[in-house]
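Everything below concerns the one structure shown next.
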Amino acid sequence: MAERCNCDASCGENRYHDAGDPGCRFADDDEYNAYWDRERKRYAMPNKATKETKTVTTKVSGKLTKVNESFSINMYDNGFMIEVSGRDKKDDYKTSKIMVSTVDELIGIIREVTDMERAD
Numbered sequence: 036m037a038e039r040c041n042c043d044a045s046c047g048e049n050r051y052h053d054a055g056d057p058g059c060r061f062a063d064d065d066e067y068n069a070y071w072d073r074e075r076k077r078y079a080m081p082n083k084a085t086k087e088t089k090t091v092t093t094k095v096s097g098k099l100t101k102v103n104e105s106f107s108i109n110m111y112d113n114g115f116m117i118e119v120s121g122r123d124k125k126d127d128y129k130t131s132k133i134m135v136s137t138v139d140e141l142i143g144i145i146r147e148v149t150d151m152e153r154a155d
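Going left to right, the sequence shown walks through residues 36 to 155 as the working numbering numbers them.
Here you go:
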C-alpha cells in the first residue's frame, strides 16, 4: 500500500498523493517513512468488495508509549484526523495528531490506541 503524502511538492497545493508520484519530494514509501521516523505496526483489514486482506499502517506507538483514556476524531473532505494524548519514551506529555485518508486506516489506528498501555 502506498503511503499518502501531503508534501506540497506535487502541485503546489495542499493535496494528498502517493509517496513517489512525479513531483513528490519523496522517491518512495521507504524514504517517506524514514523522513517521518516511523515505527509501524500492521493490522490486516478485510476488503469487503474483493474479499482480500490489505495491510493498514498505524503510527501511534512510534510517538507515544502510554495513551490517555480518550482521543478525538475529526472528519475532513480528504480524510480523517485522530488526536491522541499520552506519554512518550521520556515520560513527557505529548499529543499526536495523525491524518489518514481512509476509514480502514483510521480503524487500524483506533485498534492500536485501544491496545496500548494507559497513562496514569
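Where a beta carbon is used, it is the ideal one built from N, C-alpha and C, also for glycine.
Treat the numbers as computed from the prediction; the structure is a model and nothing was measured.
Here residue 97 carries a helix assignment [DSSP, helix/strand/coil].
In this structure, the alpha-carbon of residue 122 lies about 29 angstroms from that of residue 113. If you compare the alpha carbons of 143, 111, 105 and 146 with that of residue 154, the shortest gap goes to 105. Residue pairing from DSSP leaves residue 146 without any beta-bridge partner. Distances from the CA of residue 124 to each of 147, 61, 55 and 152 were compared; the closest alpha carbon is that of 152. In this chain, the beta strand (DSSP E) harbouring residue 115 covers 114 to 122. In the structure shown, residue 53 falls within a strand segment according to DSSP collapsed to helix, strand and coil. Sequence-distant partners of residue 101 (beyond 5 residues in either direction) whose C-beta falls short of 6 angstroms from its own C-beta, in its chain, are 121, 122, 152 and 154. Excluding sequence positions up to five before and after residue 136, its CB lies within less than 7 angstroms of the CB of 39, 51, 113 and 114, all in the same chain and listed in chain order. Between residue 103 and the set 130, 109 and 140, the nearest pair of CA atoms involves 130.
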